[in-house]
Amino acid sequence: MKFNLNNKIAIVTGASQGIGKIIAFELAKSGAHVACISRNKKAIESIVDEITINGGQASSFPCDISDADTLSEIITEIIKENSRIDILVNNAGITKDSLLMRMSIEQWDDVINTNLKGAFHCTKAVVRYMMKNKFGRIINITSIVGLTGNAGQANYAASKAGLIGMTKSIAKEVASRGITANCIAPGWIETPMTDKLSGEVKNEFLSHIPVGRIGSPDDIANAVIFLASDEAGYITGQTITVDGGRIIN
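Each position in the sequence shown, counted from 1, maps to that position plus 8 in my numbering.
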């Protein structure tokens, strides 16, 4: 049985595809009303329709989370409609990979602005309402790359490592107000992109994963549901790796 999130108001950024899409679906299945945020207006409207058809509650808000002003207006609208925000899942993220010597300033800034600064904007806009209600669950989707680094991803690794540090700091600031802040660090998760990899490449990846399989978006969503629940109220400032044991020390 899923953890009960009935009557909770949740926000999921980057909800139009992949992990974010599944997180939105699972939050709705667990009883939450899910505000789906993404730049892709058509995609999130479709997701909201599907959630609603299946008996869930959701709404769509097209937005680039690096745009602080528009995001603030959306948060205000969500508050007007629902009177509170209980759960924030900062999932939106992009990659623009390149070796450091070839990486442009634009590649660096774009990734930092979406992955780290965007999460900062969302959290700052939401946390005051959580503090007022003396309850909140902030869940940031980082990556094992933020813990290990990865060649060709200095910008992405920096953004995800920064997200971990930001989460720890926020957790210390808001713990006394009944708010928790945690990270989930996915490993290799099955997506349309990984489907295109050759069998040889997949086998090489799998040889480093003790459980012997690629992760699914459901694995990440299940961790989100737990951290969003009342039962996880004594867990804060942590980074939970969901990677099949990939980075066991």
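Where a beta carbon is used, it is the ideal one built from N, C-alpha and C, also for glycine.
Taking the continuous beta strand (DSSP E) assigned at residue i, which residues delimit it?
i   : result
S91 : Element bounds for S91: n/a, residue is neither H nor E.
C71 : Run containing C71: none; DSSP gives neither H nor E here.
Three-state secondary structure (DSSP) at residue i?
i    : result
M9   : At M9, the pLDDT of 48 sits below 50, so the modelled position is not reliable and the matter cannot be decided from this model.
S54  : helix
V20  : strand
S106 : strand
T249 : strand
I228 : helix
T188 : strand
I45  : strand
I243 : coil
N141 : helix
I27  : helix
G223 : strand
I59  : helix
A2   : Here the chain has residues from 9 to 257 only, and residue 2 is not among them.
A66  : strand
Between residue i and the rest of its own chain, which residues show a CB-CB distance below 6 Å, the 5 nearest in sequence each way excluded?
i    : result
I59  : A36, A66
C191 : N148, T150, I172, T175, T247
M138 : G144, I187
G245 : K176, A179
I217 : G252, R254
G207 : none
R185 : M139, K142
Hey, could you find the ends of the alpha helix (DSSP H) residue i is sitting in?
i    : result
K178 : Here the sequence assigns Ile to residue 178, which means Lys is not the residue at that position. Element bounds for I178: 162 to 182.
N148 : No alpha helix (DSSP H) holds N148; the beta strand (DSSP E) holding it covers 144 to 149.
A40  : Careful: A40 lies outside any alpha helix (DSSP H) and carries neither H nor E.
W116 : 113 to 120
E198 : No alpha helix (DSSP H) holds E198; DSSP gives it neither H nor E.
N15  : Counting along the chain, N15 falls outside any alpha helix (DSSP H), and DSSP gives it neither H nor E.
Give me, in chain order, the residues of the same chain whose beta-carbon lies closer than 8 Å to that of residue i; leave out the 5 immediate sequence neighbours on both sides.
i    : result
S134 : Checking the sequence, you will find Val at residue 134 rather than Ser. Contacts found: I19, I83, I93, L96, G144, I146.
A159 : L107
I87  : I93, Y137
E85  : F69
Under 7 Å Cβ to Cβ from residue i, same chain only, skipping five residues before and after it: list those, please.
i   : result
N14 : G39
K49 : P70
Is the beta carbon of residue i less than 8 Å from the beta carbon of residue j?
i    : j    : result
C44  : S68  : yes
G170 : V250 : no
- Task: Evaluate the contact criterion for the segment 120 to 128 versus the segment 98 to 106: three or more CB pairs, one atom per stretch, below 8 Å.
- Result: yes
- Task: May I ask you to verify whether the segment 49 to 57 touches the segment 73 to 91, counting CB pairs closer than 8 Å and requiring at least 3?
- Result: The segment 49 to 57 is not in contact with the segment 73 to 91.
- Just checking, does the segment 208 to 227 make contact with the segment 116 to 123 on the three C-beta pairs under 8 Å criterion? Here the segment 208 to 227 does not lie against the segment 116 to 123, with fewer than 3 beta-carbon pairs under 8 Å apart.
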